[in-house]
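Chains as they are written, first to last, in our numbering: chain A, 28 to 244; chain B, 28 to 244; chain C, 57 to 285; chain D, 57 to 285.
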Amino acid sequence: MRKAIHPEDAAALIPDGAVVLIGGFMGVGTPERLIDAMVARGVRNLTFVANDAAMPGKGIGKLVTAGCVARAIVSHIGLNPEIQQKMISGEIAVELVPQGTLVERIRAGGVGLGGVLTATGIGTPVEDGKQTIEVDGKRYLVEKPIKGDFALIAAQHADYAGNLEYSLTAHNFNPIMALSGHIVIVEPEMIVPIGVISPDAVKTPGVLVDHMLTRAA
Amino acid sequence: MRKAIHPEDAAALIPDGAVVLIGGFMGVGTPERLIDAMVARGVRNLTFVANDAAMPGKGIGKLVTAGCVARAIVSHIGLNPEIQQKMISGEIAVELVPQGTLVERIRAGGVGLGGVLTATGIGTPVEDGKQTIEVDGKRYLVEKPIKGDFALIAAQHADYAGNLEYSLTAHNFNPIMALSGHIVIVEPEMIVPIGVISPDAVKTPGVLVDHMLTRAA
Amino acid sequence: MNADVMERPKAAMSPKEIIARRVAQEIKPGMLVNLGIGLPSMVANYIPNDAGVFFQAENGVIGLGARPPEGMEDPHLTDAGGGFVTAVPGAASIDSAMSFGIIRGGHLDMTVLGGLQVDERGCLANWMVPGKMVPGMGGAMDLVAGAKRVIVAMVHSAKGDPKIVPHCTLPLTALRRVSLIVTELAVIEPTHEGLVLVERGPGVSVEQILAETSAQIIVDGEVPEMRIG
Amino acid sequence: MNADVMERPKAAMSPKEIIARRVAQEIKPGMLVNLGIGLPSMVANYIPNDAGVFFQAENGVIGLGARPPEGMEDPHLTDAGGGFVTAVPGAASIDSAMSFGIIRGGHLDMTVLGGLQVDERGCLANWMVPGKMVPGMGGAMDLVAGAKRVIVAMVHSAKGDPKIVPHCTLPLTALRRVSLIVTELAVIEPTHEGLVLVERGPGVSVEQILAETSAQIIVDGEVPEMRIG
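Here it is as C-alpha cells:
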C-alpha cells in the first residue's frame, strides 16, 4: 500500500546531479507531469538515460530546453536539434549507445548481472575503449550495467500496491527501468483499487515501485 | 495464422537425440499431452533442459520413467528419485545449474547475447572449469547461452496468430523458452479467435510460435 | 496468521516452531520475503496478515497466500515446493526471468533458507551431500548471492552431528556471509570477527549451545533468551 | 495495401516509389519485417493486406498497421519515427527488451534500412556524418547485426556523390555484410566476391549504373530489368 503523491513533491525528491532513467520513446510513454514539475523546480546537472531526447516541447525535450541536463546516455537524438546543438557547444555530454545494448545494460543493472555480451557494435566506433571477450570462438563486447539513482516512468494503470500495466508502444523502456532505479517513481494515467489488476496482467510488480503520482486533475 | 495440430503429429516432429527445452516447475505449466504423445511414440536419447524433472508420473517425470532421456540440464531433481537413481547408475547425465543462471542462459540463447555474467556460483562447484571475467573490480562467471532444437511449452490461452497468455505460477520458464527453441511447440489450454487476446495481454508474440496443439477433447 | 497457534505456551513448542517464530521476528512490515521449502515455509504462519509483508516464491508469484480451503485449489498456483497456495490482493504473476531478476538484482529484502552446514566464515552449504543426496541447488545459490538479508533456519544438530562447524565440508552454496543463523538453541550472527552468539533458545544455557556446536562461538557478556510466544 | 497506388504506370514513379516497390518483392507471406523510418517505411504500401506479413517497430508493437483515420489516433500507438499507426488483428505489445530480443536473437526475418554508404565488403554506414549530423544509431546496429536479412533501401547517389563506394568513409553500422542493396537504378547483391549487379532499374543501362557507382561492380552476363508496377 502506498499513497499517491503530487508531482511537485516527487520532483522535490530528485536532487541536482542525480542520474535519472526516464521512460519513453520519442515522447510516448514518458512521465510528462513529473518532468514539468522537475522543470518548474529548476533541477540542474542531471544525467539522464533514455532511448532518445524526444523533441523540443515534449517529454525529455523540456528538460533539455530548460538547461536541467549535463549528460545524456541515449540511442538517438535525431529529432531534437537543441540537444545536438548543446552537444556541439559542449553544454551536454552525450554518450550514444545502440538501442538494444542500452536496454540490456539497464536490465543487467536491474537484475544483478555483471554486464552484457553482445555482437552489436563490433567493428564500429561503439567498440572503442571497451573490453571484449571470446565465447565459443565468437567475439563480443562487454557492455557494463547501468543503474539510476531514480527511474522516472510512465504507466497506463497502477493499483495502490504499485502494480503497473502499460499500453501498446508506451511500454518501451518503462518496464525495464522499473528494475533499475534505486528509487522508482511512476506516473500512472489511472490508479485503481488493489485487486482490480489481475495478477496475470501485472507487468511491473508493485514491490519495485517506491512512489506514484496522483492522477491528473 | 496457424492451424492447431494433434499431439501425435507434434511428437512426430521431434527426432531421437533432440535437445528440448521443456516448460514447467514441479510439473506446473508443462505440456502434458505433448509429453504423453512423446512417450507413446517412444522418442529416445533426448537432452532436456528444464527447471526440474518433476516427479514420477507427472510432466517430465514421465519421459524419465519411459527411458526417453540421455541427458538433463536442470536446477533441481530433489522430488524425482528415479532420475537421481538413473544419474547414479550412469543412464542419464545430469548437469545441475542454479535456477537463476539457467533461465538467463536460456534467455541469452533466445535474445542473441553471447553469455551471462553472474556472481551466482562463484566459490562453489558451479565455478569449476568455467571462464570468469572481472568487470569494475568484481568477478563474474561467464555462463554460456542455451538454445534448444525445440521448445515445448504450455500456455493458458493462444489465439490463431500464436499469441500466448500464461496463468499464475504456470508462467515459470515458458515465456523465456519460447524465445530459445529453434522450433517452438505450444500446448494451450484454450485457443481463441484472433483479436480476442488484447495486444497488451500477450506475453509471447505469435511470431515466435511454430506449432500449437489442438485443445484437449 | 493463526491466532490459535500463536498463543500456545512455549513449553509445548517443537524445535521447528521455536525456529519459525524467532525468524518471524526478523520480518518487518512491507518487506518482500522468500521462504525456502520445508521448515522456512513455516515462518509465514507467524506473520500477521496485516503486516503488509509480501511473500515471493521463486516459481513465480509475488504475494503468496495461505493454503486454500479444500476444493478451492488452482493447479496453476503453487509454491516452490509444488504445494497449493493462494494469492493475496495485489499479487503479481511473474516468469522465472523476472523472479530471479528480483532475487539477483537486490530487490528481495530477505530470504529464509534451510541449511546443512554453516561455518565460521558464515558460509552456507545446503544443496548436496556428495554421493548421498544430490537434489540440486534450485534457486538457493541465487537467493544467497542476491537477497539483502540471508537467514538460515535449521535445527542445531543433525542426529548429534554439529551443523555449525569450523569449515564447511559439504559443497558451498555461496561465498557470501549469511546474515543470521536461527536454531532452536541459539541465534548466531556471523560477523567479520566470527560467529557471535546473540540469543539463547528458551531455557537453553550458553554451555549447552557451545557443547552442541563444533565451530568457535564468540560470547560477549550476558546472552539474552529469545522472546517468543 | 493501396490498390490505387499499386496500379500507377511505372513511367510516373518517383525514385523512392521504385525502390519501395522493388523492396516489397523481397517480402514473402508470413514474414516478420522491420521497416526503418523514412523511405523504408514506404515499403508497407506495396504489401497486400492478406499476405500475413507482420511489421515490427522497434518501439514495441508486432503487427503495425496503416496510419489511422483522422480523429482515431491513439497517443500510445506510434511507429519508431513517432507517427501514429494502428495495430492489426493479432498484434502484440512488447517492451524494448523483448523488441531487441527478437531483433538480436535472429527472430526477425528482414529489416529494411536507409543508407548513407555501402561498400565493396557489403558494409553499411547509416548513423552519423562526423561533425555534421549525429542523430545516433538508434536500433540500426542491432538490426544489422541481428536480422536474418538486411536490405538497404536508398537512392543511388547523394547530390551526385556515389553512395556505393569502395570502402566506407563514414563510421560503420556493423561489420556484417548486408543481404541486398536496392536503389532506383539497381539491385545489387553483396557477396564474398564483391558487389554483384542483379537487376537494372526501369529503363536504366548497365553503363549508367557503373557511371554512378564508385565501387567496383561485378556484371555477369545479361542483367535483367526490375519487374515492378
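The beta carbon of each residue, even a glycine, is placed where N, CA and C say it ideally should be.
(Q) What would DSSP say about Arg-173 (chain D), mapped onto helix, strand or coil? (A) For the purposes of this step, residue 173 (chain D) is taken as residue 117 along the fourth sequence, with counting starting at 1. Position check: residue 173 (chain D) holds Gln in this sequence, whereas Arg was assumed. When secondary structure is reduced to three states using DSSP, Gln-173 (chain D) falls in the strand class.
Q: Report the residues of the stretch 165 to 198 of chain B with a CB closer than 7 Å to any CB of chain D, ordered along the chain.
A: Residues of the stretch 165 to 198 of chain B with a Cβ closer than 7 Å to any Cβ of chain D, in chain order: Asp-186, Ala-188 and Asn-190.
Q.
So, under 8 Å CB-CB, Leu-88 (chain D) and His-163 (chain D) are touching, yes? Tell me the CB distance rounded to an integer number of Å.
A. Translated into positions along the fourth sequence, residue 88 (chain D) becomes position 32. Translated into positions along the fourth sequence, residue 163 (chain D) becomes position 107. Yes, they are in contact, since the Cβ atoms of Leu-88 (chain D) and His-163 (chain D) sit about 7 Å apart, within 8 Å.
Q) With 16 as the cutoff for other CB atoms within 10 Å, does Asn-58 (chain C) come out buried or exposed? A) As a working mapping, residue 58 (chain C) is identified with position 2 in the third sequence. Because the pLDDT of Asn-58 (chain C) is 41, which lies under 50, any placement of that residue in the model is unreliable, and the question is left without a value.
**Q.** Option in D:Leu-251, D:Val-79, D:Cys-224 and D:Gly-116 with minimal Cα separation from Ile-159 (chain D)
**A.** As a working mapping, residue 159 (chain D) is identified with position 103 in the fourth sequence. When D:Leu-251, D:Val-79, D:Cys-224 and D:Gly-116 are compared, the shortest CA-CA separation from Ile-159 (chain D) is found for D:Gly-116.
**Q.** Any C-beta of chain A under 9 Å from that of Leu-228 (chain D)
**A.** Stepping through the fourth sequence from its first residue, residue 228 (chain D) is reached at position 172. Nearest CB-CB separation between Leu-228 (chain D) and chain A: below the 9 Å threshold.
Q) When the cut-off is 9 Å and only beta carbons count, does Ala-37 (chain B) lie next to chain D? A) Along the second sequence, one-based indexing puts residue 37 (chain B) at 10. No, Ala-37 (chain B) does not count as interfacial toward chain D.
(Q) Does chain C have any CB closer than 9 Å to the CB of Gly-137 (chain A)? (A) Mapped onto the first sequence, residue 137 (chain A) falls at position 110. Closer than 9 Å: yes.
Q: Using the DSSP secondary-structure output, state which residues sit across from Asp-217 (chain D) in a beta bridge.
A: Within the fourth sequence, residue 217 (chain D) is the residue found at index 161, counting from 1. Paired residues: D:Ala-214.
(Q) If you follow the beta strand (DSSP E) that Asn-90 (chain D) is in, where does it begin and where does it stop? (A) Locating residue 90 (chain D) in the fourth sequence gives position 34, counting from the first residue. Counting along the chain, Asn-90 (chain D) sits inside the beta strand (DSSP E) bounded by residues 88 to 91.
Q) What's the gap between the Cα of Leu-226 (chain D) and the Cα of His-103 (chain A)? A) Position 170 of the fourth sequence, counting from 1, holds the residue named residue 226 (chain D). Position 76 of the first sequence, counting from 1, holds the residue named residue 103 (chain A). Roughly 17 Å separates the two Cα atoms.
Q) From the beta carbon of Met-57 (chain D), is the nearest beta carbon of chain B less than 9 Å away? A) Counted from its first residue, the fourth sequence places residue 57 (chain D) at position 1. The pLDDT assigned to Met-57 (chain D) is 39, lower than 50, so where the model puts this residue is not dependable, and the model offers no usable value.
Q.
I want to know whether the stretch 117 to 128 of chain C touches the stretch 202 to 218 of chain A - three or more CB-CB distances under 8 Å.
A. As far as the Cβ criterion goes, the stretch 117 to 128 of chain C does not touch the stretch 202 to 218 of chain A, which means the pair count is below three.
Q: Compare the C-alpha of Pro-218 (chain C) against each of C:Val-234, C:His-248 and C:Gln-264 and name the closest.
A: Here residue 218 (chain C) is taken as the residue at index 162 of the third sequence, counted from 1. If we check each option's Cα against that of Pro-218 (chain C), C:Gln-264 comes out closest.
Q) What is the DSSP secondary structure of Tyr-187 (chain B), reduced to helix, strand or coil? A) Locating residue 187 (chain B) in the second sequence gives position 160, counting from the first residue. In the three-state scheme derived from DSSP, where H, G and I count as helix and E and B as strand, Tyr-187 (chain B) is classed as coil.
Q) Just to confirm, are Ile-133 (chain D) and Leu-195 (chain A) a CB contact at a threshold of 9 Å? A) Walking along the fourth sequence from the start, residue 133 (chain D) turns up at place 77. Walking along the first sequence from the start, residue 195 (chain A) turns up at place 168. The question names Ile, but residue 133 (chain D) in the sequence shown is Leu. In this structure, Leu-133 (chain D) sits near Leu-195 (chain A), with a CB-CB distance shorter than 9 Å.
Q) Looking only at DSSP bridge pairs, what is His-103 (chain B) linked to? A) Taking the second sequence and counting its residues from 1, the one referred to as residue 103 (chain B) is at position 76. In the DSSP output, where bridge partners are listed per residue, His-103 (chain B) has B:Asp-79.
Q. Closer than 8 Å, Cβ to any Cβ of chain D: which residues of the stretch 106 to 120 of chain A, in chain order?
A. Answer set for the stretch 106 to 120 of chain A: Leu-106, Gln-111 and Met-114.
Q) Given that Ala-146 (chain A) touches chain G, what residues does it touch there, using C-beta distances under 8 Å? A) The structure shown contains no chain G; its protein chains are A, B, C and D.
Q) Are the C-beta of Asp-163 (chain A) and some C-beta of chain B separated by less than 9 Å? A) For the purposes of this step, residue 163 (chain A) is taken as residue 136 along the first sequence, with counting starting at 1. By this cut-off, Asp-163 (chain A) is an interface position.
**Q.** Backbone CA spacing between Gly-146 (chain C) and Thr-128 (chain B) [nearest angstrom]
**A.** Position 90 of the third sequence, counting from 1, holds the residue named residue 146 (chain C). Position 101 of the second sequence, counting from 1, holds the residue named residue 128 (chain B). Their Cα atoms are separated by approximately 28 Å.
Q: Count the other C-beta atoms from every protein chain shown that fall within 10 angstroms of the C-beta of Pro-34 (chain B), then say buried if there are 16 or more, exposed otherwise.
A: Counted from its first residue, the second sequence places residue 34 (chain B) at position 7. Buried.
(Q) If distances are taken between C-alpha atoms only, which option among A:Asp-237, A:Arg-242 and A:Ile-41 comes closest to Arg-68 (chain A)? (A) Residue numbering aside, residue 68 (chain A) sits at position 41 when the first sequence is read from its first letter. Checking every option, the nearest Cα to that of Arg-68 (chain A) belongs to A:Ile-41.
Q. Hey, is Arg-283 (chain D)'s beta-carbon within less than 9 Å of any beta-carbon in chain A?
A. Sequence index remark: in the fourth sequence, residue 283 (chain D) carries index 227 (1-based). Interface annotation, Arg-283 (chain D): not in contact with chain A, CB-CB separation never under 9 Å.
(Q) Below 7 Å on C-beta distance, what does Glu-114 (chain D) contact in chain A? (A) By one-based count along the fourth sequence, residue 114 (chain D) stands at place 58. Close to Glu-114 (chain D), with beta-carbon spacing below 7 Å, are these residues of chain A in chain order: Gln-126.
Q: Express the C-alpha separation of Lys-72 (chain C) and Ser-155 (chain C) in angstroms, rounding to a whole number.
A: Residue mapping note: residue 155 (chain C) aligns to position 99 of the third sequence, counting from 1. Residue mapping note: residue 72 (chain C) aligns to position 16 of the third sequence, counting from 1. CA-CA distance, Ser-155 (chain C) to Lys-72 (chain C), rounds to 28 Å.
(Q) Are the CB atoms of Ala-81 (chain B) and Gly-51 (chain B) within a distance shorter than 9 Å? (A) Indexing the second sequence from 1 puts residue 51 (chain B) at position 24. Indexing the second sequence from 1 puts residue 81 (chain B) at position 54. It is a contact, given that the beta carbons lie within the stated cut-off.
Q) Is Glu-122 (chain A) near Ile-100 (chain A), with beta carbons less than 9 Å apart? A) Residue 122 (chain A) sits at position 95 when you count from the first residue of the first sequence. Residue 100 (chain A) sits at position 73 when you count from the first residue of the first sequence. Yes; because the gap between Cβ atoms is below 9 Å, this pair is in contact.
Q) Could you give the residue range of the beta strand (DSSP E) that holds Arg-166 (chain A)? A) For the purposes of this step, residue 166 (chain A) is taken as the residue at position 139 of the first sequence. Counting along the chain, the beta strand (DSSP E) containing Arg-166 (chain A) begins and ends at 165 to 170.
Q. Taking the continuous beta strand (DSSP E) assigned at Met-217 (chain A), which residues delimit it?
A. Locating residue 217 (chain A) in the first sequence gives position 190, where the first residue counts as 1. Counted as a single uninterrupted DSSP element, the beta strand (DSSP E) harbouring Met-217 (chain A) occupies residues 208 to 219.
Q) What does Leu-231 (chain C) touch in chain B if you count any residue whose Cβ is under 8 Å from its own? A) Stepping through the third sequence from its first residue, residue 231 (chain C) is reached at position 175. Within chain B, the residues placing a beta-carbon under 8 Å from that of Leu-231 (chain C) are Ile-149, Gly-150 and Thr-151, ordered along the chain.
Q) At a Cβ cut of 7 Å, what residues of the stretch 141 to 161 of chain C count as close to chain A, listed as they run along the chain? A) Within the stretch 141 to 161 of chain C, the residues whose Cβ lies closer than 7 Å to some Cβ of chain A are Ala-143, Pro-145, Gly-146, Ala-147, Ala-148, Ser-149, Ile-150, Gly-157, Arg-160 and Gly-161, listed in chain order.
**Q.** Where Asp-227 (chain B) meets chain A, residues with beta-carbon distance less than 9 Å
**A.** To locate residue 227 (chain B), count along the second sequence from 1; it is residue 200. Ordered by position in chain A, the residues that pass the 9 Å Cβ test against Asp-227 (chain B) are Gln-183, Glu-192, Tyr-193, Ser-194, Leu-195, His-198, Ala-228 and Lys-230.
(Q) Taking 9 Å as the threshold (beta carbon to beta carbon), is Ile-83 (chain D) in contact with chain B? (A) As a first step, residue 83 (chain D) must be located in the fourth sequence, where it is residue number 27. Judged by the 9 Å Cβ criterion, Ile-83 (chain D) is not in contact with chain B.
Q.
Here's a check: name, in chain order, each residue in its chain whose Cβ is nearer than 6 Å to the Cβ of Ala-197 (chain A), leaving out the five neighbours to either side.
A. On the first sequence, position 170 is the one that residue 197 (chain A) refers to. Closer than 6 Å at Cβ, skipping near neighbours: Val-55 and Gly-56.
Q: List the DSSP bridge partners of Arg-98 (chain B).
A: Walking along the second sequence from the start, residue 98 (chain B) turns up at place 71. Per DSSP, the beta-bridge partners of Arg-98 (chain B) are B:Thr-74 and B:Ala-120.
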